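Single-structure report; data block below.
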Amino acid sequence: MGEDRPSYCALTSENVVESGGKQVTHMGTRMVYKIVVRRELSERYAMAFEGIEMEIENGQTVLTGEVKDQSHLHGILERIGASGLKLVSVENMSEN
Amino acid sequence: MDPLRLIVKPKLRAPVPRHEQVMRPRLLELLRKISNSRITLVSAPAGYGKTTLLAHWRQVEEADLPFAWVSLDEQDNDPVRMWRHIAEALHLAAPAEDFGADVLAGMSVTGRRLIETSLPLVINRLAELPREVVLVLDDYQFITEDDCHASVAFFVEHLPANAHLVLSSRTDPPLPLGRWLARGEMNEIRTEQLAFLEDEADCLLNEKMGLDIGTDDLSVLLERTEGWPAGIYLASLTLRMREDKHAFIASYGGTNRYVVDLLGEEVLAGLHEEVREFLLMTSVLEKMTGPLCDAVVGREDSAMLLRELARSNLFVVPLDEQGEWYRYHHLFSELLLYELRSSRPELVPVLRGRASAWLEGAGFFEGAIRQAIVAADYKRVGVLITRHWYAYVSAGQGTTVEGWLESLPEEPTAHDAALLLVRAWICILSGRSEDGERLLTLAESIPYEGPLPDGTASVEAGVAIPRAIFGLGGVRNTLEAARRAVALEPEHTSQRAALIRFGLGSSLYLSGETSQARKLLEDVVELTRTGQPLLQMVSLSYLSIVATDEGRQEEAESLARQAGTLVVRFGLQGVPQSSWGPIALGYVLAEQGEMVEAQTELERGLSSRMSLPGMSPWPTLIGLLALARVRSERGDRGGARDVLSEARTMLQRYPDAGIFPELLEREGRKLRARKPRQGQLDGELTERELDVLRLLVGELSTSQIAQNLYVSPSTVRTHVKSIYRKLGVSSRKDAVLEARVKRLV
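One line per chain: the protein sequences are A and B, in this order. According to the numbering used here, the first sequence is numbered sequentially starting from 26. According to the numbering used here, the second sequence is numbered sequentially starting from 31.
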């Protein structure tokens, strides 16, 4: 699966930056979020959210992944909204 | 192409409803209930037909009710820019009333000033319109700046009875919606109402698309998409290709797959290969036109193809009536982009590069830069900025360039001499002179061979020019820089010829060489006649001042008024340098003895300069000295003294000040020679002190009082001390009480 993945950063609504992804991860500020949307997405579609794992559950799609910071999270949520997807829940799964 | 097109017409044109779009009478009825509310909010995610609904409404009401329309985008997320478009849109809706001109004339620098000065103007002019008018702001979700929201809230709160605002947005804007709803001032149309009902789905699928879908199947489809119009339309595109429509709907009804995901793939797969390629490759474009698509895709017939696509697909949206520009519906372009990125990721930067190159060649520099930014091709962004920045700066659009600069990463650009120069210009123009000078020095220190991307002969020339123009280094240094610029820049590169002549001319004036200055400034006015409005405006103003000095008052007045017209014509009100016009006008009016008008103009020009401490001191000094003279003539000796002390303070910062120390001395002597007003005893408050006392009555702080009176806070404090002493009090509250008792206020 790795080779097929397009190399772009997580998409943030209209201002998409396609770069090789100079991702800066600060140790200690890792956040893992679980986002549930209505309806089932294909794996290919979910690949638009890079670094996010996808699972189908009861007609819904569960997206889990590491979120850099609040900006990143809001970007993902905006992208979901802009696509016409219906948000069911957002949960912070970080161990703290 | 004219990069000075500040206001882009297509975004002010309401979309024309297309035949295939479903009219929704029940919703149109809802909209018609506007007469009793100030604002209508249409809030729903993409694909619910908000824009289509509003376009239909406008079409229905067209004869009796003028609509002003603004399709907002990310670049409008700035209050001055947003309101400039709104003013222009209102002007288009009510041309007979010439709405835009004087409204635009009132626009100020920051968002907060906008609320104080320009918005009341807009609101008053609206109230004066003989008819009702509806203002539609489409895609309001692009607006996220607090200043913008504050201005809109203010606008709604003060909206005259004949005006109505419609906000269409994908998200609820952070405005006091609850309050407005509670007061019955707001109409809402939300997702639930915008979802298609059976009759509407029937209309789309059967009437418009001619698909012949039965009632039961229709229900399944409706239920499955939950009435989402974009989803239903996607389904119809798929159904068009299917023989057994019933089977498709049945299976579709049984899945839980997200409609865009499932059908998007289908719709794209069902397309002719060539068309599919075209759609995918052009998905990188924000807006499309034939030649641009040709360049990106490698065809010669894109114009025709676009027209065809628009005819058969609602997701291809025409942007003008000539059929030249198009864009994809947001959801469709998302789908296409995503498909492109997953199938041919390596192609994306290539396509964006082609787009950027074509856009630059066609003169759409902003578009070219945006493509480079999205592609993260920062090297190209830097090249584009350093090539084309001046066109925007000379049109008063420094903030656009600033935005581009902000998109660049810190590291590589910190050592790019050409970029440092651009940044220096932007800083100095917006009153951050220290930063600007620092950047100029930095630029100088970087080894750089040959001419700059914008054609300037060298970095040395590029540094000498702003030093000559803004004069921040003192008069002698400025003159030196001007002479250096002349030496470094060969005559035939005319783009900078005007700037260089201006630098020399203005520094000669400041050195007291008025007639030499005049010749050069006249050259500048000639050279800038066909472009560079900002420079033309400033040089007309300077020439006006020279004319006044040489006793040619009529000519001076005409020149100053020409400068003022330029400000309005090119929308330069938001640029601090537009203060030149009023200062020059006030200068000649004072000479002509029109003291009241002169004072108004001078104070107007000075107020914006004084609020930005890092501005070039020379026009300010010209204005201050003239204002001192005017106030003194009008009997306000205290006011004149204050202004002269401001000027003295400025000269402390700029000791190398050419003609000014002597001029200041002369004004000071004239003032002292005037007899004081009769009957003024030591215990009585001076006129100036009375001015301050009146302002003490209100809620203003010391610095706000200072701003109001065009003096420094320490001057105000001196007056306050004297006031307390004379009134025999020791607190503001007591001073106000005493003042009331003595009927001084």
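In this text, a Cβ means the ideal position worked out from N, Cα and C, and glycines have one as well. None of the values given here were measured: they were computed from a predicted structure.
- Assignment of B/Ile-476 by DSSP, reduced to helix, strand and coil, places it in the coil class.
- Contact of B/Asn-286 with chain A by beta-carbon distance below 7 angstroms involves Arg-64, Glu-65 and Gly-84.
- Close partners of A/Gly-106 in chain B (Cβ separation under 9 angstroms): Pro-75, Ala-76, Arg-200 and Thr-201.
- With respect to chain A, the C-beta atom of B/Leu-361 has a partner C-beta closer than 8 angstroms.
- Within 8 angstroms of the CB of B/Trp-258, the CB atoms of chain A belong to Gly-109, in sequence order along the chain.
- In the three-state reduction of the DSSP assignment, B/Asn-286 falls in the coil class.
- Between B/Asp-168 and B/Ser-198, the C-beta gap is smaller than 8 angstroms, which places the two residues in contact.
- Secondary structure remark: continuous alpha helix (DSSP H) runs of at least 4 residues inside the segment 597-630 of chain B, in chain order: 610-621.
- The beta-carbon of A/Arg-55 is placed no less than 8 angstroms from the nearest beta-carbon of chain B.
- The three-state secondary structure of B/His-188, taken from DSSP, is coil.
- Contact note: A/Met-118 does not reach chain B at a C-beta cutoff of 9 angstroms; the least C-beta distance is about 23 angstroms.
- Using a Cβ-Cβ cut-off of 8 angstroms, B/Tyr-368 is close to Tyr-70 and Ala-73 of chain A, given in chain order.
- Rounded to whole angstroms, the gap between the alpha carbons of A/Ser-114 and A/Gly-100 is 16 angstroms.
- For B/Trp-258, no beta strand (DSSP E) run applies, since DSSP gives it neither H nor E.
- Assignment of B/His-49 by DSSP, reduced to helix, strand and coil, places it in the coil class.
- In the structure shown, the three-state DSSP call for B/Val-164 is strand.
- The beta-bridge partner set that DSSP reports for A/Ile-81 consists of A/Thr-86.
- Residue contact with chain A for B/Asp-291: present (Cβ-Cβ distance below 8 angstroms to some residue of chain A).
- 8 angstroms or more divides the Cβ of B/Phe-394 from the Cβ of B/Leu-414.
- Straight-line measurement puts the Cα of B/Ala-280 at about 15 angstroms from the Cα of B/Glu-256.
- Bounds of the beta strand (DSSP E) holding B/Ala-98 are 97-101.
- Around the beta carbon of B/His-445, a 10 Å sphere encloses fewer than 16 other beta carbons of the protein chains shown; the residue is thus reported as exposed.
- Put simply, the CB of B/Glu-253 is far from chain A, with every gap to its CB atoms at 8 angstroms or more.
- Around B/Ser-463, no beta-carbon contact reaches into chain A at under 8 angstroms, the shortest distance being about 32 angstroms.
- The beta carbon of B/Val-452 sits closer than 8 angstroms to those of Ile-415, Thr-416, Trp-419, Val-431 and Leu-435, all from its chain and outside the five residues before and after it, given in chain order.
- Residue pairing by DSSP puts B/Ser-199 in a beta bridge opposite B/Ser-73.
- Interface criterion met: the Cβ of B/Ser-372 is under 8 angstroms from a Cβ in chain A.
- Of the other Cβ atoms in all chains shown, 16 or more fall within 10 Å of the Cβ of B/Met-645; this residue is therefore buried.
- Distance check between B/Tyr-288 and each of A/Ser-119, A/Lys-111 and A/Gln-95 places A/Lys-111 closest, using alpha-carbon atoms only.
- Between the segment 534-554 of chain B and the segment 581-599 of chain B there are fewer than three inter-stretch CB-CB distances shorter than 8 angstroms, so the stretches are not counted as touching.
- In terms of Cβ geometry, B/Ala-614 and B/Ala-593 form a close pair [threshold 8 angstroms].
- Under the DSSP assignment, B/Ser-332 falls in the alpha helix (DSSP H) whose first and last residues are 332-342.
- The closest CA to that of B/Gly-294, considering only B/Glu-369, B/Leu-315, B/Leu-381 and B/Tyr-358, is found on B/Glu-369.
- Counting only runs that start and end inside the segment 339-426 of chain B, the beta strand (DSSP E) elements of at least 3 residues fall at 346-348 and 355-358.
- If only uninterrupted alpha helix (DSSP H) runs of at least 4 residues are considered, those enclosed by the segment 203-258 of chain B are 207-212, 221-224, 228-232 and 245-255.
- B/Met-239 and B/Leu-252 have their C-alpha atoms roughly 16 angstroms apart.
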